[in-house]
Every structure is written in C-alpha cells, then in structure tokens.
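Have a look at the structure below, then the notes.
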Amino acid sequence: MEEFLRNNRALILAYDQGIEHGPSDFLKNKGWDPEYILELAEKGPFTGVILHKGIVEKYVDNNFEVPIVLKLSGRSKFNPKLKQSLVCSVKYAEKLGVEGVGFTIYPFSEYEDYMLEKLREVHEEARESNKTLFVWAYPRGKGVDEFKTENIAYATRLAAELGADFIKVKYNHKKKEYDWVIKNALRSKILIAGGKKVEKEEDLLNMTKEIISLGAHGLAIGRNIWQREESEALELAKKLAKIIFND
Amino acid sequence: MEEFLRNNRALILAYDQGIEHGPSDFLKNKGWDPEYILELAEKGPFTGVILHKGIVEKYVDNNFEVPIVLKLSGRSKFNPKLKQSLVCSVKYAEKLGVEGVGFTIYPFSEYEDYMLEKLREVHEEARESNKTLFVWAYPRGKGVDEFKTENIAYATRLAAELGADFIKVKYNHKKKEYDWVIKNALRSKILIAGGKKVEKEEDLLNMTKEIISLGAHGLAIGRNIWQREESEALELAKKLAKIIFND
Amino acid sequence: MEEFLRNNRALILAYDQGIEHGPSDFLKNKGWDPEYILELAEKGPFTGVILHKGIVEKYVDNNFEVPIVLKLSGRSKFNPKLKQSLVCSVKYAEKLGVEGVGFTIYPFSEYEDYMLEKLREVHEEARESNKTLFVWAYPRGKGVDEFKTENIAYATRLAAELGADFIKVKYNHKKKEYDWVIKNALRSKILIAGGKKVEKEEDLLNMTKEIISLGAHGLAIGRNIWQREESEALELAKKLAKIIFND
Amino acid sequence: MEEFLRNNRALILAYDQGIEHGPSDFLKNKGWDPEYILELAEKGPFTGVILHKGIVEKYVDNNFEVPIVLKLSGRSKFNPKLKQSLVCSVKYAEKLGVEGVGFTIYPFSEYEDYMLEKLREVHEEARESNKTLFVWAYPRGKGVDEFKTENIAYATRLAAELGADFIKVKYNHKKKEYDWVIKNALRSKILIAGGKKVEKEEDLLNMTKEIISLGAHGLAIGRNIWQREESEALELAKKLAKIIFND
Amino acid sequence: MEEFLRNNRALILAYDQGIEHGPSDFLKNKGWDPEYILELAEKGPFTGVILHKGIVEKYVDNNFEVPIVLKLSGRSKFNPKLKQSLVCSVKYAEKLGVEGVGFTIYPFSEYEDYMLEKLREVHEEARESNKTLFVWAYPRGKGVDEFKTENIAYATRLAAELGADFIKVKYNHKKKEYDWVIKNALRSKILIAGGKKVEKEEDLLNMTKEIISLGAHGLAIGRNIWQREESEALELAKKLAKIIFND
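Chains as they are written, first to last, in this note's numbering: chain Z, 1 to 247; chain P, 248 to 494; chain B, 495 to 741; chain L, 742 to 988; chain C, 989 to 1235.
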C-alpha cells in the first residue's frame, strides 16, 4: 500500500476510460494516446497510474517508475447490463509486474451478487500475491440515487468490510454529511474521483481542499488532467499535489 | 465448537451489519467504529464476535482473545435479489486464523438452490479446516411469513440436516410453539438474533430468559449492545450473561 | 450393492423428509428425533437407512451397523424452483464412511438439464469411490402427470440408462400396467416409495405384496414407520419384511 | 475411426432412444431389453452400436466385440428446453473402454451456445483419449425448418468445422439438393438417421440406396431394426449391409 | 506477431464463414472445399489464413507453410443470442501447432460481459503459449449502429485495451472520420474485413488503397477471394498485395 502514498496521501492518474467511456473522452488533445498519459504520469507529481493490461503490455517498459494499478474489471458504457466483468486476472497482473489491482463494484444493482463474488476472488488473490487492492464503489441500480450520502457511505462500507486498501468514490458536494462516508471507509484510504473536466479549474482545487479537509486521502483523476495540453495539465497537477501532499 | 461455549451456552457479539444493513445502523454512538466493537468484545462477557474479513485484516491483532466467527456471506439490503453471495472463502478464513465461519441461507426464496449449494462447499471446507460452522437460517421469499413457527422450524431443520454447529434464528415470541424450533435444531446449538434495539431493556432481558428456558443456547446480539455507550452496553451484556450462563 | 440386499430384496428406512417436507412430517410421535430413527433402524429388519449428512455427523457412531444411504440432493417443499441442489458431495460421503449415496431427479421439469448433469458427476464419483447409487426418479413439471405409467416408466428408464443401482419410484396402483415400469428399470433394483402414512395398515401390506409380485425389489419407507410408536412401528416393519424377504 | 468402418462405410445400431424418446419406442417386441439389442448387434452386420453408460456398465462384458459409441449427451423428449445435457464424461467413457463417443447439437436453437461449448470439451477430450467422435447435428429452434436442405447442410458444416469424425443427420428426401449436405460434411463421415419404423421395408432399402449413391457413408439405425422380431430384424440388416458395404 | 506481417502489413485469407454464415457463402465455385482454400492460401500472397479446428485437423499437413489463425469462437447466424461461444481452447490450438488464435467480441450487446470474460482467458493463455491474438471487434446489440464511427472506434479501443495483437473491424467508408478508429487501435494492428463479394473489383481495390492510406495494416478477406475461380482469385490477391505490401 505504501508505494501509492506520500505523506499518507495519494494522487492517482486514472486512465481506464478507454473501456468505461470509450474514445469519446479522448476527443480533445492527445488523451487517446497512452504515450501521452505515461509521459504525464512520469513528469507529474502522481503517486500512481491506473491502466488496462493491453496498454501495460505494449507501452510500459522497465524504466517506467510510477506505480501501476492494473484495472481488472471492465464494462462498456453501452452494455445493457450494470455488471463489471473480470477482464484481467490477478495472476496476469503479477506477470506484468504491477504494484496494485483495481476492481469496480456496483452495490445495490441487479448484479451486486456477481461483483461481490468476483471481488472476493480478486481480494484473496491480491493478498496472496501482495498487490494493493483498489475498489471503485459506485452505488447503482434501478431507483438508486448514486449521490445520496447514505448510498455512498454504504458502498464505501461494503468495500472496506470486504478488504479494499483504497476505495474510489464520488464526491456529492454535501460537505456537512460527507464525513459519514469517510468514517465508513474505516482504515481503507479514500480516493475521490476527479470526474468530468470542470469548467473552472478553481472548482476542482476547491473540491480538493474540501475533500482533504474532510479526511479523504486524495484523488484519482483523469479527464481533468489529460484533456488538457501537457504544460497546463502538469501545472494543474502541481496545484493539486500542493493541496493533497501539503508540499 | 467448544471455544464459543461457556456452560454449553453462548453470547456472541454480532457485527456483520455493515454489509447487511449498511451504516444506517451505526448512526448512534460509536457503532460504526470497529475499534469500539473490539473493545466491547474484549471487555464484555462475550464468547465470540462476528466480523467480516476487511475488519479482521485491518483491526485484529495477535493479542485479541475473543473467538471470531468470520462471516463468509453477504448481501446489501438494497440488492434486488434475495441471495447471499460468498464474500470470503473458508481458505482465506483459515489464513486469518479465525475459529468459526458463518453463512446465511434464505430457505424458500428463489435462490434457495444457490445458497444450499454454497453452504455445502462451506460446510465441507469448514470440516476439513476444523472451523465451527454458524448458519443464519432465515425463511424468506414471496409470500413467506418469516415469523411463522412452522417456517422457522423448517429453516432450522434444514440447517441442522446440512451440518450447522450453531444455527442463528429469530424469535417470534410464540412461547408455546417455539419449542418446536428448538427440537428441530437437533444437536446443533440455537442462537437467537438480538434484532433491532429494543425500547425497554427489560423486554430484551425477558426475551432472553424466555428463550433460555425454551432450550436455546444463547444470543447473537449486535445493535442492542453497540448502539449504546460503553458503560451502558457492558452493563447490559453482564445482565444477559447472568441469564444465559447462570453466572 | 449387495450390502443393501437380502434375498435380492431391500427394505430401506427413509429419513430425508427433514429437508424434503420439513418438520411438519414429524408432528406425531418422536419422528423428529434422529435418535428414534436410528433405534428403529437397528431394531427393525431394515437393510438400509437414508440420512442427510448433518445427522450422520452428529448421531451415528462406529457401532451403528445398518448400511447408510447418504442423500446428496435436497430442496425444501416451498422452493419455487423444481430443482434439487447438491447438498453433499460424494467426497464428503466417503469421509463419513457411508455405503451408498442418493440423488433425486425430476425428469421433464424445467431443470431436468441441471439434475441430469449433476447426476452424471455423482454417478461417476460414486463409481470411483465404490458407493452404491440410489436415484429418486420422479416425473415433474408443468402439465406432467406424475402418476401416469408412461411417465414413471420413462423416469425409471432414464435413471437406469444413467447408471442407477437402485431406483426409487412411486407406485400408481395400476397393477396391470406397472410391469412396464419394472421392465424399464433394466438391471437396476426398483424400490417403491412408502409415501404418506396410510389409514389402514392393511393397505400398505397389500401394496407391498402387489409390488413384490410385480417384480419390485422392495420399499423405501419412512412416515409409515416412524409416525408410529416404536412397538407398533417394529411390528409393521416385521410384517413388511415377511412379505419382502419371504422370511 | 477405422474400427467403425468397413469398405469406408458404416452401419451402426442406435440404442439411445431410452433417453431421447423414452420407453414408448419399446412397446413392440423386445426392444426394451438391452440383452436383445446386444444380441442383434453381435449377430448382425453392424460396425458399431450406440449405448448409454448405464447399459454398458450392467450388460456389456469383455467378450462383446462390436465397437461401442457411448452417447455422452441426453435430454428427455418432455424437457421444455431444447438443450442436451452432458450425461457422461469422456473420462468415464475411457474407463468403460469404449471406442467412440457421441454428442448431440441443436444448431440455431436457444441453447446452441451451450451445446457448442460442451462439444468443444468433448471433442478435445476425445482427441486426447483417442476416441472417435460422433456428432448428431439436428437443426432446431423457433421457426427453424429441420428438413430444409440449407439448414441440414449448415448443421453438418458446423459439426465438420468443429471436428466431428462421424456426423449423424436426417435425410429430407430431396435427392437433388442433398449432395450439398454431403459436400459440407467435408472429410467427416456422414451417417443418415434411420428414423421411425417405416411401413414398407422397401422404402428403407430405397432410401439407403439413394443416400449411398449421394455419397453418405451409411446409416445409424435403431427402431427399424429392434422393433422387429430377431429373424426379421437380422434379415433386414443383411439387406441394408448389402447396399451399404457392397457385400 | 511478426509471422503474420510483411513490411508491417498483412493480407489474411479468412475462412471462418462455415460457422459464421453457413454453406450459403459457398454456393459459387469451390469455396465450400477446404482443399481449394488451402491451395489459394499457398499460391497467393497471403501472410496468414483463418481456419476452424476441424479443418486444421483433417486438411492441414506438415508441409503447409502459411501461418494459421485458429478461430476459437463461433456462432451460427441463426442463433437467437448475440453471443460467441468458445469452440476451441488455446490449449488445443497449441496441440495443433498454429501460430495465432482468433476471438470475436460484440461490444454493447447483451452478452458483452460473457465475451469480455472469455477474451480474458483466451488472451492470457495466448500470452502463455506465445500465440498471436486476433480479435474481431464488431459493435452489436439492440439499437446499436455497427457502422457509426464512434461505435467502431469504441469496439477497437476495447480490443486494444484488452491486449489484441491484431484487431479485425469493418470499414464504414467514412474516410474523414475513420482515422479515429485507427488511432484507437493504439499499437495493435488493424485489419479491415473484406466483407461480401463486391460487384466491381475496382471498388475493393479502391477501398484497400483508402484504408492503407488511413493507416490500417491490411485486410482479412474471404468471400471476395474464394467466391472466384482460382486464376481470377489469385490475380485479385496479387493486386491487393501490391497495394498493401507496396510490392
């Protein structure tokens, strides 16, 4: 776990959108290109980068020094089922030599059962092979409000009870209630999703201050970084790092 | 089995609500915090404590002396399916070094088949690795009255026939009929669920006297304990212990 | 196979009703109590007794000398699916040291496919570990008449073609047609289910004479025995044995 | 493969109807009795016989010299699903010491996916254990005309592409089009199903001449043989053999 | 991967239509006959040929020198489910000694989850046994436009992220947008499907020039080749090779 932390905080560059959202996220700048992402990861103040196996195989070489979270689950946004499939095994993650593995669960959805059972396998194999476990915990399903504090707190709690080291959740901007989410992460580290590119950079910086003051351990951020030009992206990353790591 | 018994009776502190009910159970006092629970478990007269693996991994150290029941199944209360998933393997329970394992079945529900088959695996692996097996046996399903004595007795019988060492059931306060449930537990030990926090402590004490006099072996109790302040909680636990263990 | 036969006939005491029917079958006398059943099995002229694993584990000791059929499948009568689950493995049956294993199929039902595939595994493992295989073959499903001779004969034939050593079926009291069922058991032994407790003992004795004269190999009988007081039960068993074994 | 051929042709006695059709096929003569079938197989000019495992286990001894195709799949005719289950493993076929294994697929049906995947396993295990693979390829499903030449040719092609050694199909009596089916069997041998007992023996002989002239490698025939008395059955078999093997 | 490339380009002869489309594709000329296909593959300028296992087993001998892509998935065109089944294992592909393996996914369809999970296994086993991985990536499902550039690019991206070496996609003739598909193949090689036989050869040659100029690595082409007479087919292949390999 320590390899993804600095001052007990983390700033992770997320790049699993190629599967989750498809190339439409990459229309601006060079976001489509893994080379660009790996460059940002190395030049910026990131404590980790999230990638799928196809990219690790074909782009990452031995000199790459940023710790990698290999995303093990995936689902296209057009898939009619609210169900994440296992698209990479922990065993293969081990062969690729990454430091962490990631898995998404949708508590409260019709396939909650499937994802909890897969998470079980992933967790136990991650422990065996000494990989840090990241869990994306997003409340989903018919009639489920994914931004209700109770729901986010419940999803977080599930991930914590099931052994996540890091839990990635969304921030609902309910400053007064959100402490309940943080508490229910127990001793797992909470990462807030960066989400869509914000209109005003200021908003992102303020959100980051807010979630850090609430007790979160950092951000997992993608589009807000790589939908920008390199210099602008690295500039922003530095500002976020200042807030997060207290640099 | 003996490690969870005192005078052939048991008082087990239940803390699997983080998955079954979510954090809404923890709104009062420090119930959300596993540290508080472990403290209560050690200071109180409990013969065991029920936990999920994430908590055992990150909170329990070698000095902890209360026997642990690792809950192997789980389902969020918003899951549209009446189906418990296997969220921890017996093999991993063994690695964690716990004394017992727990699994929930919903007889009569649409997924009865799934849960009976999973229970089979869990039971046989528990025997192999010498873990005491706790089975939660709750009648559920369309049109199923979960408090009808016949249904509770049937669910209990299923658990007994399938090899449970302890069977956790609910008490329906039908004093004159409930003996039928106890009988159908055969040589398995019957634990009554504590349930929601009662308004008057007296009610809980009376229920405990009643179920003990009926032949039950004790309680698996959570909210009635950890939704209280420590001193009050331990006070109550002592009173329950007096009834149960004849202290 | 020989261990369950006397004069090439069998009289098996059935006690799998705790799962199949629930405790409502045990309301009369001491039928609920496995101790009573094991006592009857030992004192009576039975060539075998059918039990689930929980009972074998906790009640049967090394001195028990009646051959045991461990029932490997189960389904509560309130389960909305017409599907038997595997509730015990052949491997575990081997550990328990029993002589036979039993499995129920519902030919013609929606889950016929599942049960035939499970039966395949059970059969092949039973051969490997040298256990006698008992198959309950009950025609079931939408619009299926379970007492039509053609259906019983078909179910019987399926069990025979798939390797059953003993086939347990129901008798439809169609004396003139039933020979067709017996023929289609091929070289498997046919056991007739005792069914619900009869009003007049005479009826049971007559049915037994009838099925033996038709070529059946005996009875698998439960409620008609253990819903009676011990002396009455053993008396009846003796009468049945006289018919079956020609004592 | 050679063990089932004479002059590159085959005449196989089919006896898997006990599962596929049930005992209603056996109402005439002694067709119900495996002893009768094995006798016919040995006395007649057959190059193979198709049996299920229960019959091989209990009826076939070491002196039996006709090569056996063990049917590995099965489905009762009343099963609401158009799905063949695996009722015997290749591994068990090996233990029984048979020469070939058989599997049915229903291309175009709702469970095509399941049967193709099972066929994959069966094929690969058959190769490993050196068993000849027979595939029944019957077009089925909603709105599927199982006698359309295109459909039979497609089903045949599927079996050939997936590695069948012998392919059993039905003849639709479209003499001018059927060559297309034969071609699409590629280098697999084509066996035509004998089907229901014909009214006039002449019709069967003519069909046999026709399919042989079209390039088929022979027949897999059951009811037309064993629904007759022994002498008549063997007489007919001899006539078929004359056509097929050019005796 | 190199074995399928010349000048970093590929021209692959596709012959998996026997399963995907059935024999109706083979009505013209000798396309139905694998011998013809293997002859074309050897005489023409192809860098690979796509075959199913039944054909490799029975037609390919040691002297055959064209690299083979063994197609591992399959589905008849009449199958009501949009789901590819695994019809050959990587392990068996290894036994057959082929150089590559192929698998089809239908992103956005109801069975996307199934195909992504199977692709995972295939990819990881292909890596282990050193086989080049070809992925057919066809957007499918209710309301899914399979020729929308966004959809093709998304499907391509999924295949690239999941580790494909070659990705086979369709060309939608949107010259100005298609570069987006090529980019999202990342470092995987893009093969364009030849599709149905074109009316005018010119159209195919123009399409080939177009896709090569857009950055594709070549064609996987079947019907446009083997629905022609040998001389005409080889003539056309030579022209395509000239465009693709810059001969």
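All C-beta atoms in this analysis are idealised placements derived from N, C-alpha and C, irrespective of residue type, glycine included.
For residue i, which residues of its own chain have a beta-carbon under 7 Å away from its beta-carbon, when the five flanking residues on both sides are left out?
i	result
S567 (chain B)	Q578, S579, L580, V581, F597, T598
Y553 (chain B)	P528, E529, L532
M948 (chain L)	Y912
E851 (chain L)	L823, G882
What's the C-alpha gap between residue i and residue j?
i	j	result
H667 (chain B)	W674 (chain B)	13 Å
N149 (chain Z)	R157 (chain Z)	Before going further, note that residue 149 (chain Z) is Thr rather than Asn in the sequence given. Computed Cα separation, rounded: 12 Å.
L694 (chain B)	F660 (chain B)	Before going on, a small fix: residue 694 (chain B) reads as Lys here, not Leu. K694 (chain B) and F660 (chain B): Cα-Cα distance of roughly 28 Å.
E57 (chain Z)	L96 (chain Z)	7 Å
K176 (chain Z)	G215 (chain Z)	13 Å
V1132 (chain C)	N1139 (chain C)	8 Å
L874 (chain L)	I933 (chain L)	16 Å
K784 (chain L)	V807 (chain L)	10 Å
A1029 (chain C)	V98 (chain Z)	41 Å
E210 (chain Z)	L219 (chain Z)	12 Å
K443 (chain P)	Y1094 (chain C)	48 Å
I1232 (chain C)	N79 (chain Z)	35 Å
E862 (chain L)	E615 (chain B)	15 Å
For residue i, which residues in the same chain have their Cβ closer than 6 Å to its Cβ, ignoring the five residues on either side in sequence?
i	result
K430 (chain P)	none
A1148 (chain C)	A1173, L1174, S1176
V69 (chain Z)	G48, I50, G100, G102, F134
G410 (chain P)	H370
A896 (chain L)	P848, A878, P880
Could you tell me if residue i is buried or exposed, where buried requires 16 or more neighbouring beta carbons within 10 angstroms of its beta carbon?
i	result
D1101 (chain C)	buried
F888 (chain L)	exposed
K585 (chain B)	exposed
D944 (chain L)	exposed
E482 (chain P)	exposed
E1220 (chain C)	exposed
G460 (chain P)	The sequence given here has Ser at residue 460 (chain P), not Gly. Looking at its Cβ environment, which holds fewer than 16 other Cβ atoms inside 10 Å, S460 (chain P) is exposed.
K1106 (chain C)	buried
Can you tell me whether DSSP reads residue i as helix, strand or coil?
i	result
T873 (chain L)	strand
R434 (chain P)	coil
K71 (chain Z)	strand
K174 (chain Z)	coil
R6 (chain Z)	strand
G1032 (chain C)	coil
L1084 (chain C)	helix
V831 (chain L)	helix
L1202 (chain C)	helix
S85 (chain Z)	strand
K1018 (chain C)	coil
For residue i, which residues in the same chain have their Cβ closer than 8 Å to its Cβ, ignoring the five residues on either side in sequence?
i	result
E249 (chain P)	none
N309 (chain P)	none
A93 (chain Z)	K53, L70, L72, V101, S129, K131
K571 (chain B)	E514, H515, G516
R994 (chain C)	T1035, F1233
H958 (chain L)	L746, N749, R750, A751, F907, K930, I931, L932
Q1005 (chain C)	D1013, F1014, G1210, R1211
For the ligand SAH, any of its heavy atoms closer than 7 Å to the Cβ of residue i?
i	result
R120 (chain Z)	The ligand content of the structure shown is nil, which means the ligand SAH is not present either.
For the pair the region 222-236 of chain Z and the region 21-35 of chain Z, tell me if three or more CB-CB distances fall below 8 Å.
The answer is yes - the region 21-35 of chain Z touches the region 222-236 of chain Z, with three or more Cβ pairs under 8 Å.
Tell me whether the region 530-548 of chain B and the region 500-517 of chain B touch, counting them as touching only if at least three CB pairs, one residue from each stretch, are closer than 8 Å.
With the cut-off at 8 Å, the region 530-548 of chain B and the region 500-517 of chain B touch.
Between the region 422-439 of chain P and chain D, which residues of the former have a C-beta closer than 8 Å to a C-beta of the latter?
Note that chain D does not occur in the displayed structure, where the protein chains are Z, P, B, L and C.
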